[in-house]
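Just below is one structure, and these are the notes that go with it.
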């Protein structure tokens with residue numbers, strides 16, 4: 001009707017007044033500097049500001065409140081040394097816990113005690129539960145017998 005092409009006509013966007021939201025966001029992030037975007041957004045909503053998360057994110061980024069990304073801590077490489085070989089039997093033992101499931105679905109566990117010198121199996125303890133007190137009891141019994 002007017003003679004304008006559809007591609008050339010764009011409605012004019014009216015800017016929103018973001019100042020109250022910016023002040024609330026600055027105040028909240030000043031009180032809680034470790035809070036991220038989502039926690040701040042939910043707190044603003046809880047305080048009564050009805051706001052879309054996309055608008056909050058736009059303002060959050062414009063105010064440069066982004067928290068730095070957490071970097072993974074690098075563990076220093078340890079010096080690799082060969083395992084010490086015991087000189088005689090009963091000087092060093094190894095413990096190994098294994099578990100399996102019975103056909104009825106119950107899980108059972110085994111405690112295997114090995115002598116490191118001659119790789120001899122000193123004992124196997126099998127039960128549905130092996131608490132720490134039971135492990136200590138087995139080890140004291142094996143130490144008394146050897």
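In full-length UniProt numbering, the protein residues as written are 1 to 146.
We put the CB at the ideal spot given by N, CA and C, even for glycine.
Within 10 angstroms of the Cβ of residue 14, are there 16 or more other Cβ atoms? Answer buried if so, exposed if not.
With fewer than 16 Cβ atoms within 10 Å of its Cβ, residue 14 is classed as exposed.
Look at residue 103 and residue 124 and say whether their C-beta atoms are less than 7 Å apart.
With respect to the 7 Å criterion, residue 103 and residue 124 are not classified as neighbours on the basis of their beta carbons.
Would you call residue 83 buried or exposed, if buried means 16 or more other Cβ atoms sit within 10 Å of its Cβ?
Under this definition residue 83 is an exposed residue.
Short Cβ contact (7 Å threshold) for residue 94 with residue 107:
In terms of Cβ geometry, residue 94 and residue 107 do not form a close pair [threshold 7 Å].
Measuring only the C-alpha atoms, how far is residue 53 from residue 63?
If I take the Cα positions, the gap works out to 15 Å.
Is residue 109 helix, strand or coil by DSSP?
In the three-state reduction of the DSSP assignment, residue 109 falls in the strand class.
Using beta carbons (cut-off 7 Å, strictly below), is residue 53 in contact with chain D?
Here there is only one protein chain, and chain D is not present.
Any contact of the region 36-55 with the region 70-86, i.e. 3+ C-beta pairs under 8 Å?
The region 36-55 is not in contact with the region 70-86.
Residue 146 vs residue 116 beta-carbon contact at 7 Å:
Their beta carbons are not under 7 Å apart, which means residue 146 does not touch residue 116 by this criterion.
What three-state label does DSSP hand residue 93 in the structure shown?
Strand, per DSSP.
Name the one or two DSSP bridge partners that residue 56 has.
Under DSSP, residue 56 takes part in no beta bridge, so it has no partner.
Compare the Cα-Cα distances from residue 32 to each of 18, 130 and 66 and report the closest residue.
Taking residue 32 as reference, the option from 18, 130 and 66 with the minimal CA-CA separation is 66.
Helix, strand or coil, according to DSSP, for residue 98 in the structure here?
Residue 98 sits in a strand when the DSSP states are folded into three classes.
Output needed for residue 24: all residues of its chain with C-beta closer than 8 Å, excluding positions within five of it in sequence on either side, in chain order.
Closer than 8 Å at the Cβ level, and outside the excluded window around residue 24, lie 44, 47 and 49.
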